[in-house]
Amino acid sequence: MKEIEQFKEKVLKEYPRLKADSPFRFDCHHGVACFNECCGDVNIFLTPYDIIRLKNNLGISSGEFLDRYTLSPFNKDSKFPVVLLRMEDNDRKSCPFNRPEGCSVYGDRPWACRMYPVGVAQPGEGNQELEEEFYFLLKESCCRGYDEPKEWTIEEYKKNQGVEEYDRYGELFKNLTTHRYFGEGKMLSPEKMDMFFTVCYDIDSFRRFIFNSSFFDKFEVDGETRTKIKEDDVELLKFGYQWLRFALFGEKTMTIRQDVLADRQAEVGNRAGEGQAS
Ligand code: SF4
Ligand code: SF4
Numbered sequence: 017m018k019e020i021e022q023f024k025e026k027v028l029k030e031y032p033r034l035k036a037d038s039p040f041r042f043d044c045h046h047g048v049a050c051f052n053e054c055c056g057d058v059n060i061f062l063t064p065y066d067i068i069r070l071k072n073n074l075g076i077s078s079g080e081f082l083d084r085y086t087l088s089p090f091n092k093d094s095k096f097p098v099v100l101l102r103m104e105d106n107d108r109k110s111c112p113f114n115r116p117e118g119c120s121v122y123g124d125r126p127w128a129c130r131m132y133p134v135g136v137a138q139p140g141e142g143n144q145e146l147e148e149e150f151y152f153l154l155k156e157s158c159c160r161g162y163d164e165p166k167e168w169t170i171e172e173y174k175k176n177q178g179v180e181e182y183d184r185y186g187e188l189f190k191n192l193t194t195h196r197y198f199g200e201g202k203m204l205s206p207e208k209m210d211m212f213f214t215v216c217y218d219i220d221s222f223r224r225f226i227f228n229s230s231f232f233d234k235f236e237v238d239g240e241t242r243t244k245i246k247e248d249d250v251e252l253l254k255f256g257y258q259w260l261r262f263a264l265f266g267e268k269t270m271t272i273r274q275d276v277l278a279d280r281q282a283e284v285g286n287r288a289g290e291g292q293a294s
């Protein structure tokens with residue numbers, strides 16, 4: 017993690033800052049001499065949407081995906097849990113999805129793999145002095161992609177790599193991780209950390225929690241939403257973000273059922289009555 021902080025600092029100080037319409041020359045295909053060389057010994061942070069795409073590509077549950085393919089480093093200063101793709105325990109530390117013919121999950125590869133070699137620096141955690149985001153180019157010494165003749169802008173490259181959809185859902189996740197709650201230096205309790213982890217990274221467990229508990233007895237959730245979140249992981253994730261804003265930050269993003277509210281008010285009234293009587 018310290019290396020990541022040092023890298024961030026280097027980017028801010030030394031890397032040329034690019035915009036969406038900045039042109040660059042690069043291409044990556046089976047014919048490049050370095051093909052596959054970048055798919056190992058690399059820190060790939062997985063977003064909630066990455067995990068949904070990958071576990072569905074592999075036809076396994078989110079829990080199984082997390083067990084088999086990820087690490088979740090934690091230290092006492094962590095504001096929220098993060099998940100990294102776990103590299104194989106071999107000399108190359110290869111990505112578990114790397115094959116001689118290329119990426120075995122290419123159609124559902126993570127955001128970070130789609131963006132490569134484009135990086136993005138955003139204001140916020142670790143970049144407090146940064147006022148607006150900028151792009152930069154990662155230049156690994158092994159990468160021959162920059163010798164290729166293809167030229168495009170950052171925006172064109174992102175479109176070609178199918179990043180737009182990932183950015184759309186990534187924005188919702190970013191709204192959570194950059195929430196002012198964290199900016200004010202507040203920390204989540206261990207229970208809330210678990211809640212964050214389950215909703216964001218273990219979507220199948222979150223679904224079990226929602227449908228196998230008294231959740232719907234407590235919160236107003238219309239029938240159409242219930243059907244959507246039962247069947248669709250992305251819809252459930254979006255619903256989960258609303259739930260987290262309610263449960264972690266106390267925002268009014270969920271509606272408590274009237275009968276539950278009335279019971280609670282009666283309970284509070286009874287307690288107050290008992291207090292006066294004693
Ligand atoms: S997920 Fe695919 S593109 Fe990304 S590092 Fe692994 S093999 Fe390479
Ligand atoms: S090192 Fe660069 S050119 Fe080579 S496979 Fe990786 S991204 Fe493509």
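Everything in the sequence shown is counted per this note's numbering, starting at 17 for the first residue and increasing by one. Note that CB positions come from ideal geometry on N, CA and C, so glycine has one too.
Pick helix, strand or coil for residue i, following the three-state DSSP scheme.
i	result
residue 176	helix
residue 111	coil
residue 167	strand
residue 214	helix
residue 204	coil
residue 132	coil
residue 282	helix
residue 42	coil
residue 265	helix
residue 20	helix
residue 76	coil
residue 193	helix
residue 62	coil
residue 90	coil
residue 96	coil
residue 49	coil
residue 145	coil
residue 248	coil
residue 160	coil
residue 287	helix
residue 125	coil
Could you check whether residue j and residue i sit closer than 8 Å to each other, using their CB atoms as the reference points?
i	j	result
residue 101	residue 85	yes
residue 252	residue 96	no
residue 153	residue 133	yes
residue 272	residue 246	no
residue 31	residue 185	no
residue 70	residue 124	yes
residue 110	residue 99	no
residue 119	residue 55	yes
residue 174	residue 41	no
residue 296	residue 179	Since the first residue shown for the chain is 17 and the last is 294, residue 296 is missing from the structure and cannot be characterised.
residue 217	residue 78	yes
residue 146	residue 28	yes
residue 183	residue 68	no
With 16 as the cutoff for other CB atoms within 10 Å, does residue i come out buried or exposed?
i	result
residue 157	exposed
residue 20	exposed
residue 243	exposed
residue 223	buried
residue 63	buried
residue 241	exposed
residue 284	exposed
residue 162	exposed
residue 90	exposed
residue 232	exposed
residue 255	buried
For residue i, which residues does DSSP report across the bridge?
i	result
residue 223	Paired residues: none, contrary to the question.
residue 137	150
residue 241	Paired residues: none, contrary to the question.
residue 34	151
residue 101	86
residue 272	235
residue 118	115
residue 56	110
Can you list every residue whose CB sits closer than 5 Å to some heavy atom of ligand 1, going in chain order? 55, 111, 113, 114, 119, 125 and 129
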